[in-house]
Amino acid sequence: MLSTLEVRKRMTDNSLETSERIVLVPDPFEVDEAQIGRTSIDLRLGRWFTLLQQTRTSLIDFAKPRDEGQFSAREGKTSFVPFGQKFVLHPNRFVLASTFEWLALPSNVAAYISGKSALGRMGLIIETAAGIHPGFSGTITLELFNCGEVPVGIYPGMRICQLFFHEVAGEKTVKKTSFGGRRKPAFGSYTPDKILEAMRPDEANTLF
Amino acid sequence: MTEWQFEPIDLSTNAALKLDRLIAQADAIISSEHPNIDSKAAAIELRAQAETAKRRLSSFSQFPANLQNSLLRQANFTLTRIMELLGFIVRSTATRNLFELYFPFREISQRLVGQDVRLIISSDWRYSPFTYPFGLEELPKFVLIGLPASESENALVFPTAGHELGHNIWRAKDFKDKFQADAEEATYQAYEKHRASFETIFQIRGADIRNDMFVQPIIYKSLASTMRQLEEIFCDAVGAILFGASYLYAFDYLIAPTVSGRRSGEYPNTKTRVEYIQKFSSSINLAVPNISPRFMDESFSGIATSDFIIQMADDAVGQLAADVFSAAYSYVSRHASIDTDLAGSEKALSCFEHGRPVGDQTQLGALINAAWAVYNDPIKARRLADHGVDLIPFLTDLVIKSAENLEFASFRNA
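Residue numbers (this note's numbering), protein chains in the order written: chain V, 287 to 494; chain S, 408 to 821.
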């Protein structure tokens with residue numbers, strides 16, 4: 287794991303190529319030192335939220351592929367919450383959000399995102415797919431879920447999660463399609479794996 | 408045969424009911440999600456005007472018949488105007504809009520139009536960007552700009568909002584009055600220069616062009632066209648000064664080679680407009696691309712009198728275009744501290760081509776210029792596309808995440 291001093295070095299070292307630097311915009315080291323821990327950096331909540339339209343979504347079948355653009359247009363409902371306003375997440379409700387910061391990782395650094403204990407103890411879960419691969423560039427989509435018993439008010443610009451950085455050992459490869467992030471939270475595309483495909487009977491032989 | 412019983416509800420009751428229904432819709436808009444305070448403020452202001460119109464109707468029966476009709480007409484007029492503006496507001500709240508650009512552009516608008524102005528940017532179902540005239544009776548302090556809905560998620564065409572802002576400056580700062588006398592003189596000179604053609608086309612021989620009462624209405628049609636064209640040139644200048652090369656790229660993207668293909672007296676020939684921008688931009692060391700060959704000349708109607716009126720306006724505009732551009736530059740640079748070399752473009756470009764936003768607080772124009780520089784460079788564009796991104800939405804995200812820093816920093820500095 288990289289210390290935040292090392293992260294800072296890799297953000298500002300002019301001898302590194304642009305693509306080999308860690309990028310966080312806005313820069314938490316300049317915004318507020320309270321965001322900086324020994325091995326983690328707090329990130330802030332962005333202004334866009336995406337919910338599933340419950341009136342339209344009948345079933346998300348993970349045996350079927352999903353195209354991000356089509357799925358979001360048909361099933362997603364997007365909200366923009368200005369700074370100073372709140373988004374209320376009710377118990378048992380789920381919403382996609384994104385970090386306010388844009389993160390870009392070089393080919394030799396990966397990261398993990400994690401919730402903040404002060405929020406988690408109130409029932410707010412931040413993220414379930416926490417790994418961020420080398421070469422990623424974008425805002426990080428957050429999967430917010432209120433597993434508590436009372437509604438929680440969350441505010442764009444508030445510190446919402448923390449990021450840990452890891453050096454990638456061994457040979458480094460970056461998938462060409464690695465710029466995964468956008469400024470708005472996205473459901474993402476989905477392709478069922480080949481084994482699952484092979485297990486699936488055709489419609490005529492479906493048991494259930 | 409059924410005989411219909413018709414006992415009509417009186418007109419004032421209907422008018423009050425219609426206003427009530429409008430107020431209910433305004434309430435729904437006020438309580439819906441607003442990306443910024445200005446759209447909500449506008450809806451509240453319009454609602455109050457509907458209330459005022461309804462209150463006027465409360466003593467309807469005490470007025471004489473002619474005033475009663477006037478009140479009813481006013482109520483209908485209020486309904487028509489407010490409906491249209493509420494529709495514009497609703498479209499400004501659609502999440503397809505680039506809400507994050509509102510803050511930096513509002514700052515620019517306040518510097519150039521007035522510190523107390525409010526801004527609403529909508530994505531509208533009209534292809535051409537447009538603005539309402541500044542100083543609307545219903546919303547006198549609002550700059551209202553509509554951009555095409557189909558391009559609402561494309562920050563690269565946002566510089567066209569600079570042109571629309573120009574219309575607001577032209578009106579708010581009385582530039583029309585400043586150029587009226589010069590435009591009149593230039594138009595008269597055009598007619599004097601082309602007297603022979605004028606006399607042939609209009610079959611008026613030996614008239615005193617400056618005083619003949621039959622000639623003046625013709626010349627005033629040209630003058631109106633001259634003024635409209637000068638306003639367009641002024642707005643092009645504002646767009647180019649605020650956004651540099653990206654204004655021309657956006658213009659090219661939306662309009663080249665032409666939209667209607669026909670000349671109207673409202674605008675200069677589009678190709679000529681581009682040539683003016685290129686020529687005058689270089690005079691203030693503003694680097695812009697040579698895109699005029701991508702435009703075609705628009706054709707005239709073939710009606711000799713109408714065409715001549717526009718041609719005389721074109722001639723007058725040719726005499727004054729440099730002065731108008733210079734006036735725009737002088738005004739904008741004095742009030743908005745615009746850096747014509749758009750410093751920061753280079754840094755933004757080096758970040759964008761690697762798929763990263765800019766951390767510094769960089770001018771909006773410089774950011775959009777950098778995005779166009781990537782878009783127009785096949786190697787840089789391909790390099791980004793190879794990372795599996797859709798180029799325009801991705802560049803839009805980079806522009807916006809960079810521009811957002813200006814707003815975020817305003818809280819840090821508060």
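Glycine included, each C-beta is placed from N, C-alpha and C at the ideal position. This structure is a prediction, so every number in the text was calculated from the model and none was measured.
Could you run through the segment 785 to 808 of chain S and flag, in chain order, every residue whose CB is less than 9 Å away from some CB of chain V? Flagged, chain order: L791, D793, H794, G795, V796, D797, P800, F801, T803, D804, L805, I807, K808.
Does the separation of the CB atoms of I662(S) and T677(S) fall below 9 Å? Taking 9 Å as the cut-off, the beta carbon of I662(S) is found closer than this to the beta carbon of T677(S).
Quick check on DSSP: helix, strand or coil for H574(S)? H574(S) falls in the helix class under three-state DSSP.
Quick check on R819(S) - is its C-beta less than 9 Å from some C-beta in chain V? So yes, R819(S) belongs to the interface.
Ordered along the chain, which non-local residues of its own chain (more than five positions away) have a Cβ less than 8 Å from that of K583(S)? Non-local beta-carbon contacts of K583(S) in its own chain, meaning distances under 8 Å to residues more than five positions away in sequence, involve W577, M634, E638 in chain order.
So G646(S) and P566(S) are in contact, right, with Cβ under 8 Å, and what is the actual spacing, rounded? The pair is a contact, with the Cβ atoms about 6 Å apart (cut-off 8 Å).
Taking Cβ-Cβ distances shorter than 7 Å, what residues in chain V pair up with S757(S)? Simply T304.
Chain S partners of T364(V), CB-CB under 7 Å? Within chain S, the residues T502 have their CB atoms less than 7 Å from the CB of T364(V), given in chain order.
Determine which residues of the segment 505 to 538 of chain S have a Cβ less than 7 Å from any Cβ of chain V, and write them out in chain order. Those residues of the segment 505 to 538 of chain S that come within reach of chain V (Cβ to Cβ, closer than 7 Å) are F506.
Cβ pair S326(V), F422(V) closer than 9 Å: Not in contact: S326(V) and F422(V) (Cβ atoms no closer than 9 Å).
Who are the neighbours of S344(V) on chain S, taking C-beta pairs under 9 Å? Those within 9 Å of S344(V) in chain S number zero; the least Cβ separation is about 24 Å.
To the nearest angstrom, how far is it from the Cα of A743(S) to the Cα of G651(S)? Going from the Cα of A743(S) to the Cα of G651(S) covers about 14 Å.
Does the CB of V395(V) have a neighbour CB from chain S at under 9 Å? Contact with chain S is absent for V395(V), since none of that chain's Cβ atoms lies less than 9 Å from the residue's Cβ.
Return no unless some Cβ of chain S is closer than 9 Å to the Cβ of D328(V). Cβ-Cβ to chain S under 9 Å: no for D328(V).
For the alpha helix (DSSP H) that contains P555(S), what are its first and last residues? Unbroken run through P555(S) is the beta strand (DSSP E), 549 to 555; no alpha helix (DSSP H).
Distance CB(E387(V))-CB(L302(V)) smaller than 9 Å: Contact: no.
Counting pairs of Cβ atoms below 8 Å between the segment 618 to 636 of chain S and the segment 672 to 690 of chain S, do you hit three or more? Three or more Cβ pairs closer than 8 Å define a contact, and the segment 618 to 636 of chain S meets that threshold against the segment 672 to 690 of chain S.
Buried/exposed call for A780(S), threshold 16 Cβ in 10 Å: Buried: at least 16 other Cβ atoms inside 10 Å.
N812(S) versus chain V: which residues are under 8 Å apart at the beta carbon? What N812(S) touches in chain V: V311, P312.
Can you list, in chain order, the residues of its chain whose CB lies under 7 Å from that of D704(S), leaving out five sequence neighbours each side? Closer than 7 Å at the Cβ level, and outside the excluded window around D704(S), lie N676, K678.
Would you call the segment 547 to 563 of chain S in contact with the segment 496 to 507 of chain S, where contact means no fewer than 3 C-beta pairs closer than 8 Å? Verdict: yes, contact present.
Tell me, which residues are paired with R330(V) by DSSP? In DSSP, R330(V) forms a bridge with R445(V).
Taking the alpha-carbon of L391(V) as reference, which of H761(S), F510(S), L798(S), M490(S) has the nearest alpha-carbon? For L391(V), the nearest C-alpha among the options comes from H761(S).
Is DSSP giving T769(S) helix, strand or coil here? Collapsing the DSSP output to three states places T769(S) in coil.
A816(S) to A484(V) span [Cα, whole Å]: When rounded, the distance between both Cα atoms is 53 Å.
Using 8 Å as the cut-off, can you tell me whether the segment 435 to 443 of chain S makes contact with the segment 460 to 470 of chain S, which would need three or more C-beta pairs spanning the two stretches below that distance? Segment contact: the segment 435 to 443 of chain S against the segment 460 to 470 of chain S, fewer than three CB-CB distances shorter than 8 Å; contact not assigned.
In whole angstroms, give me the CA-to-CA distance for Q339(V) and G355(V). Rounded to whole angstroms, Q339(V) to G355(V) spans 15 Å at the Cα level.
By the DSSP assignment, the beta strand (DSSP E) with V681(S) in it spans what residues? Note, V681(S): premise wrong, no beta strand (DSSP E); alpha helix (DSSP H) at 677 to 690.
Would a C-beta distance cut-off of 9 Å place T803(S) and F366(V) closer than the cut-off? No, they are not a contact pair.
Chain S contact for P351(V) (CB, 9 Å cutoff): For P351(V), the nearest beta carbon of chain S is not closer than 9 Å to its own beta carbon.
Whole-angstrom distance between E544(S) and T485(S), CA atom to CA atom: If you take the alpha carbons of T485(S) and E544(S), they lie about 11 Å apart.
P368(V) and R324(V) look like a contact to me (Cβ under 8 Å); what is the Cβ gap, rounded to whole Å? That belief does not hold up - the Cβ atoms of P368(V) and R324(V) are roughly 34 Å apart, past 8 Å.
Between which two residues does the alpha helix (DSSP H) holding N421(S) run? Per DSSP, N421(S) belongs to the alpha helix (DSSP H) from 418 to 437.
If you run the structure through DSSP and keep just helix, strand and coil, what is T336(V)? Correct three-state label for T336(V): strand.
Min CB distance V765(S) to chain V below 9 Å: Under the Cβ distance rule, V765(S) counts among the residues neighbouring chain V, one pair being separated by less than 9 Å.
Going by beta carbon distance, what residues of the same chain come within less than 8 Å of D531(S), once the five residues before and after it are set aside? Once the five neighbours on either side are set aside, the close Cβ partners of D531(S) are F495, R498, F537, G553, L554, P555, A556.
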